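Reviewing the structure listed below.
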Amino acid sequence: MQKKIALINDVTGFGRCSIAVMAPIVSAMKIQAVTVPTAILSAHTQFPTFYFDDYTDKMEDYIQTYKELNLEFDAISTGFLGSERQVEIVTDFIKYFKNDRNFVIVDPVMGDYGRLYQTYNKAMCNRMKELVKYADIITPNLTELTTLLDLPYPDHTVTIEELKKMCIALAAQGPKHIVVTGIRFNKTQIANFIYNKDEDFQMVMADRIGGDRSGTGDVIASVIAGMYMNGHSFYESVKKAAAYVSKCISYCEENKVPEYWGLCFEMYLKDLVDEC
């Protein structure tokens, strides 16, 4: 039977992020995308103007349909959550649909470069820590990793030993597989630091190309989820995600695509089809 993944994230019309990115990526990998929208936006918030419809008050009724249909999921993926109430609803969703045959991947979208997003006050951070306990896979950047562990953001290039200690501490809260994404390793490379519980640490390197692009984390999380669902190891899943993103970024840079337009992931979907 075809596999299904629940994608819990916002739906954004323009800007290549969230469900608009994740659904076609997992679909290319022969996985059915079942969406749970947290908000509806015409364009993401980096644009000077956009329409925004908070879906929090509608989420429980929306999810109730899936319960009444007795749906089962092979994976559950969570992205940006904008309020404590949303985290509560998503936690309840996971409790209801999680079983010993599926996995949960959490992208704890909280901030970057040592700064948290405006919605992430102390209460929101504590809610996210509760959600992390239900994750099998988690994909934090360094800001999110240190925040989840109540540690200060390092004022130096983080060392491998520091990353090891932090990943072990985070894994003790629940996640079996951790990848710390987008670490500025040196002037020319970005590192993705991988930890599989009770196994050795691994690194996947990528060239530093251009600036930050909207939706990059969503692309990474969905490729990892799709690869892992299709039987690949966590390391191979991260390796494919890093290579895919690098290829998309190179295309964007060569064609002068504005950074806030996101990744031109559509150009290389065939690369993902070939992995199924």
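Letter by letter, the sequence shown follows residues 380 to 655 in this note's numbering.
Every residue, glycine too, gets a C-beta built ideally from N, C-alpha and C.
This structure is a prediction, so every number in the text was calculated from the model and none was measured.
Excluding residues up to 5 positions away in sequence, ILE384, ALA412, SER601, ALA604 and GLY605 lie with their Cβ nearer than 7 Å to the Cβ of VAL405 in the same chain.
As the crow flies, the alpha-carbon of LYS446 is around 18 Å from that of VAL483.
Contact annotation: MET489 and THR518 have beta-carbon atoms that are not nearer than 9 Å. It is roughly 17 Å from the alpha-carbon of LEU460 to the alpha-carbon of ALA422. When the beta-carbon positions are compared, ASN388 and MET401 come within less than 9 Å of each other. For ASP529, the secondary structure class from DSSP, reduced to helix, strand or coil, is coil. Inter-residue distance for ALA622 and VAL537 is about 23 Å (C-alpha atoms, whole angstroms). Taking the Cα of PHE613 as reference, the smallest distance to any Cα among ASP586, GLN568, ILE516 and ALA551 is reached at ILE516. Secondary structure note for PHE393: its beta strand (DSSP E) is the uninterrupted segment 383-393. Secondary structure note for ARG464: its alpha helix (DSSP H) is the uninterrupted segment 463-476.
Residue VAL558 holds the alpha-carbon nearest to the alpha-carbon of MET582 among VAL558, VAL652 and VAL598. Per DSSP, the beta-bridge partners of GLN411 are LYS383. One thing to note: ASN575 has its Cβ no nearer than 9 Å to the Cβ of THR560.
Contact between the region 422-436 and the region 490-497 is not established, with fewer than three Cβ pairs separated by less than 8 Å. By the criterion of at least three beta-carbon pairs nearer than 8 Å, the region 439-455 is in contact with the region 464-474.
Beta-bridge annotation (DSSP): HIS556 is paired with ILE516 and ASN575. Looking only at PHE644, GLU633, GLU578 and SER629, the smallest Cα-Cα distance to SER397 is reached by PHE644. When beta bridges are read from the DSSP output, ALA418 appears opposite ASP433. Inclusion of GLY641 and ARG592 in the CB contact set at 9 Å is warranted, their separation being smaller than that value.
VAL390 and ILE410 do not touch by the CB rule: their CB atoms are close to 18 Å apart, not below 8 Å. Here LYS474 has TYR513 as same chain residues with Cβ atoms under 8 Å from its own Cβ, once five neighbours each way along the sequence are excluded. If you look at ILE599, you'll find it in the alpha helix (DSSP H) that goes 595-608. Around the CB of MET545, 16 or more other CB atoms lie within 10 Å, so the residue is classed as buried. Look at LEU460 here: in three-state DSSP terms it is coil, with no helix or strand label. Bounds of the beta strand (DSSP E) holding ILE484 are 482-485.
A straight line joining the alpha-carbon of GLY590 with that of GLU451 spans about 39 Å. Following the DSSP letters along the chain, one finds ALA621 inside the alpha helix (DSSP H) bounded by residues 613-633. Within the same chain, LEU420, SER421, ALA422 and HIS423 come within 8 Å of PHE429 by CB-CB distance, once the 5 residues on both sides are set aside. Counting of Cβ neighbours within 10 angstroms places GLY610 among the exposed residues, the total staying below 16.
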